[in-house]
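Participant: Numbering (this note's numbering), first residue to last: 248 to 608.
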Amino acid sequence: MLRPGVELLRWFMAQQRQLPWRTPFPRDPYLVLLSEVMLQQTQVHRVTPLFRRFVENFPTLEALAKATEAEVLAAWSGLGYYRRARALHAAARAIHAAGAWPTTRETLHALPGLGPYTAAALAAFSFGGSDPPVDGNVTRVAARVLALNAPASSVRLRREAERWARQLHRHAPTPATFEALMELGARICRPKLPSCDRCPLAAICAAHASNASDRYPLPSSRRPRETHRWVALWLVRRDGRVLLHRRGEGQLLSGLWLPPIRELVDSQEPKAAAAALLNTLGLEARLTPGKPISHSITHRDITVFPFLAKCDLTQVAENSELAWVPPDDPGVATSSLTHKLSLACCPLLTELGLPVSYRSA
Ligand code: SF4
248 MLRPGVELLR WFMAQQRQLP WRTPFPRDPY LVLLSEVMLQ QTQVHRVTPL
298 FRRFVENFPT LEALAKATEA EVLAAWSGLG YYRRARALHA AARAIHAAGA
348 WPTTRETLHA LPGLGPYTAA ALAAFSFGGS DPPVDGNVTR VAARVLALNA
398 PASSVRLRRE AERWARQLHR HAPTPATFEA LMELGARICR PKLPSCDRCP
448 LAAICAAHAS NASDRYPLPS SRRPRETHRW VALWLVRRDG RVLLHRRGEG
498 QLLSGLWLPP IRELVDSQEP KAAAAALLNT LGLEARLTPG KPISHSITHR
548 DITVFPFLAK CDLTQVAENS ELAWVPPDDP GVATSSLTHK LSLACCPLLT
598 ELGLPVSYRS A
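The structure is reproduced here in structure tokens:
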């Protein structure tokens, strides 16, 4: 066998996916930053069209830095985990204010929201850095090749993976080596059922040699999931616009526009909570319950009880936190929860003689 780094590179050159951010090295750091932040918690097939749309909206770092938070959140719609969008925006503003990109892993790591992985990826792909970006794919491949008995998210495994990736890079000194490792983890050395028969590292893989690929890495202890119950008001005006409320600082989904929502405490009855929420808008009306929906945000599983009300809504005036909007307007920074609620409420709107304002597909 040739040196493993060279085998890996050969495989990558022949098999890599064509992705819009995979341009020749050194890459435009703005596009690297966007793609890496988007890929942190979202799969490639979902990121690809949204990456293109985001770049159309904000073609340069300067355009992103000068945008308002609402514009950035709206363009981020569909990707979820909006904290990433805010951090990306803050980083763009910091770089633009400084007048130049930082170019080392350490200085990039000092930017808002850039963890060690993203900082190393940017330094390697755009500025010739030789520190390996180590993500979950790289740690999994390293754990198996080296048969490391360490939990998936442990510091020890990350350090060992970094040391090993550095060695590979020494023998094949191009950023493509790092990208090849990530690609291998994503497509061949998958968490379940790795395709060892097609793997360019099979000849040096200790886990494969002992027919124990699925034993590595060791499982991490998981954060326990929380369950929550919310009520939501779906209020539709005669012109078909829906009342949305801007979520406040410190709330889940803060900064996004959603229907008025309240969390239920203990065994509180949903209808009573919905009536109290309606009261905060100065309204009183008979409430009609919609079908409860399930929604997950990171480690939280939320059951949302939607309620509709047929009443005079002309008195609910807009302000900085309340707006009457067509909720499928792409300019509205909202969450997929709004779409789910609209689907749950659509059938009832017709029954109540209210306008159906939202696309049902
Ligand atoms: S041989 Fe199998 S377990 Fe080892 S690195 Fe390749 S795909 Fe992963």
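Just so you know, even glycine gets a beta-carbon here, dropped at the ideal spot from N, CA and C.
A quick note: this is a predicted structure, and the numbers were derived from the prediction, not measured.
For residue 556, name the three-state secondary structure that DSSP assigns.
Facilitator: In the sequence shown, residue 556 corresponds to position 309, counting from 1. Residue 556: strand per DSSP, three-state reduction.
Participant: Buried or exposed for residue 424, please, with buried defined as at least 16 other CB atoms from any protein chain shown within 10 angstroms of its CB.
Facilitator: As a working mapping, residue 424 is identified with position 177 in the sequence shown. Residue 424 is buried by the Cβ-count criterion.
Participant: Measure the C-alpha to C-alpha separation of residue 581 and residue 495 and round it to an integer number of angstroms.
Facilitator: On the sequence shown, residue 581 is found 334 positions in, with the first residue counted as 1. On the sequence shown, residue 495 is found 248 positions in, with the first residue counted as 1. Using only the alpha carbons, I get a separation of about 13 Å.
Participant: Do the stretch 340-357 and the stretch 289-297 touch if we need at least three Cβ pairs shorter than 8 Å?
Facilitator: Not touching, per the Cβ criterion.
Participant: According to DSSP, simplified to helix, strand and coil, what is residue 589?
Facilitator: Locating residue 589 in the sequence shown gives position 342, where the first residue counts as 1. Helix.
Participant: Relative to the C-alpha of residue 316, which residue among 327, 303 and 337 is closest?
Facilitator: Taking the sequence shown and counting its residues from 1, the one referred to as residue 316 is at position 69. Closest option to residue 316, Cα to Cα, is 337.
Participant: In terms of alpha-carbon separation, which member of 387, 365, 388 and 384 lies closest to residue 378?
Facilitator: Taking the first residue of the sequence shown as 1, we reach residue 378 at position 131. Ranking the options by Cα distance to residue 378, first place goes to 365.
Participant: Cβ of residue 392 versus every heavy atom of the ligand SF4: is any distance shorter than 6 Å?
Facilitator: Locating residue 392 in the sequence shown gives position 145, where the first residue counts as 1. Indeed, a heavy atom of the ligand SF4 lies less than 6 Å from the Cβ.
Participant: The beta strand (DSSP E) that contains residue 599, what's its start and end?
Facilitator: For the purposes of this step, residue 599 is taken as residue 352 along the sequence shown, with counting starting at 1. From DSSP, residue 599 is part of no beta strand (DSSP E); its letter is neither H nor E.
Participant: Leaving out the 5 sequence neighbours to the left and right, which residues in its chain are closer than 7 Å to residue 470 when beta-carbon positions are compared?
Facilitator: As a working note, residue 470 is residue 223 in the sequence shown. Same-chain partners within the cutoff: 546.
Participant: To which residues of the same chain is residue 375 closer than 7 Å at the C-beta, ignoring the five residues directly before and after it?
Facilitator: For the purposes of this step, residue 375 is taken as residue 128 along the sequence shown, with counting starting at 1. So the list reads 273, once near-sequence residues are dropped.
Participant: What does the alpha-carbon distance come out to for the pair residue 256 and residue 327?
Facilitator: As a first step, residue 256 must be located in the sequence shown, where it is residue number 9. As a first step, residue 327 must be located in the sequence shown, where it is residue number 80. Approximately 33 Å between the Cα atoms of the pair.
Participant: Would you kindly work out how many angstroms separate the C-alpha atoms of residue 517 and residue 499, rounded to a whole number?
Facilitator: Along the sequence shown, one-based indexing puts residue 517 at 270. Along the sequence shown, one-based indexing puts residue 499 at 252. Looking at the two C-alpha atoms, the distance is approximately 19 Å.
Participant: Near residue 607, which residues of its chain fall below 6 Å by C-beta distance, leaving aside the five closest residues on each side in sequence?
Facilitator: Sequence index remark: in the sequence shown, residue 607 carries index 360 (1-based). Low confidence applies here, because residue 607 scores a pLDDT of 40, under 50, leaving its location unreliable; read the following figure in that light. Answer for residue 607: 593, listed in chain order.
Participant: Checking 7 Å against the spacing of the C-beta atoms, do residue 454 and residue 394 come in under that value?
Facilitator: As a working mapping, residue 454 is identified with position 207 in the sequence shown. As a working mapping, residue 394 is identified with position 147 in the sequence shown. Result yes, Cβ atoms of residue 454 and residue 394 sit closer than 7 Å.
Participant: Return the CA-CA distance between residue 362 and residue 279, expressed in angstroms with no decimal places.
Facilitator: Position 115 of the sequence shown, counted from the start, is the residue given in the question as residue 362. Position 32 of the sequence shown, counted from the start, is the residue given in the question as residue 279. If I take the Cα positions, the gap works out to 14 Å.
Participant: Between which two residues does the beta strand (DSSP E) holding residue 570 run?
Facilitator: Numbered from 1 along the sequence shown, position 323 holds the residue referred to as residue 570. Element bounds for residue 570: 569-572.
Participant: Can you find the residues in the same chain that come closer than 7 Å, C-beta to C-beta, to residue 474, ignoring five residues on each side of it along the sequence?
Facilitator: Taking the sequence shown and counting its residues from 1, one reaches residue 474 at position 227. If we look at residue 474 and ignore the five residues flanking it on each side, its Cβ neighbours are 548.
Participant: What is the DSSP secondary structure of residue 508, counted as helix, strand or coil?
Facilitator: Position 261 of the sequence shown, counting from 1, holds the residue named residue 508. Residue state, collapsed to three classes: strand.
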